[in-house]
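Notes for the one structure printed next.
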């Protein structure tokens, strides 16, 4: 993951390079022993996958600029912690410390969700709960919907969140007003929405969900909340999704 992130670091813009060239000339006096220590530590902590070419001082004490080919990143004196694409990485443990903090900041209290506003479906024992904010016209939502439908022992609370297109609200209202909301929503997510009664019922719950999404800062679909409150946004890779779900609770053994 780290190496992949490193490979995506953009080269410094020419104008920026020119503006800091004098700084490098003045601040490149990193002692040779320290340069070698940082280089060796970075290479050791990345299992030799990142080779450091140059090390420069920065205006921040104890924080150094390092180059690897055309890539630039920032590393502490120990060569263990690096700033890569705005994320603080622990090179030794291969952990994205910023991502870990973001997951905590973006998490919610799952027990506080108004589940009465959601469409409930139970798969297997249903012992693992997830909440999904999805839009019936969202292509990524449709893919994720099919994937989630194959997960074992999951109770899915679908919060109808029509924000993507003008067709989203009419389709959502029709599904909500259907005698069997779960079936109607499944048809809508399969690309075959049924008109039903045209949404001629009390659909205030959908507006409440929209307000809930704003409160929880759900800015796009799909957005998933796991039982521990962790937020997954967009097209989460299947293996990562399953791993995150299993960390909350594994499926039943039988």
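Residue numbers (the numbering used here): 31 to 284. For every residue, glycine included, the Cβ atom is placed at its ideal position computed from N, Cα and C.
- The stretch 164-173 makes no contact with the stretch 109-129, as fewer than three CB pairs between them are under 8 Å.
- Judged by their CB atoms, residue 149 and residue 71 are not nearer to each other than the 9 Å cut-off.
- Check the Cα spacing between residue 131 and each of 117, 144, 171: the tightest is with 117.
- Three or more Cβ pairs closer than 8 Å define a contact, and the stretch 174-184 meets that threshold against the stretch 274-283.
- Residue 246 holds the alpha-carbon nearest to the alpha-carbon of residue 142 among 270, 98, 246.
- Taking the CA atoms as reference points, residue 185 sits about 25 Å from residue 135.
- Per DSSP, reduced to three states, the secondary structure at residue 90 is coil, with no helix or strand assignment.
- Annotated three-state conformation of residue 110 is coil, per DSSP.
- Distance from residue 242 to residue 144 at the Cβ level is roughly 7 Å; contact confirmed, criterion being Cβ atoms closer than 8 Å.
- For residue 76, same chain residues with a beta-carbon under 6 Å away, outside a window of 5 residues either side, are 121 in chain order.
- In terms of CA proximity to residue 220, 170 leads the group 275, 110, 237, 170.
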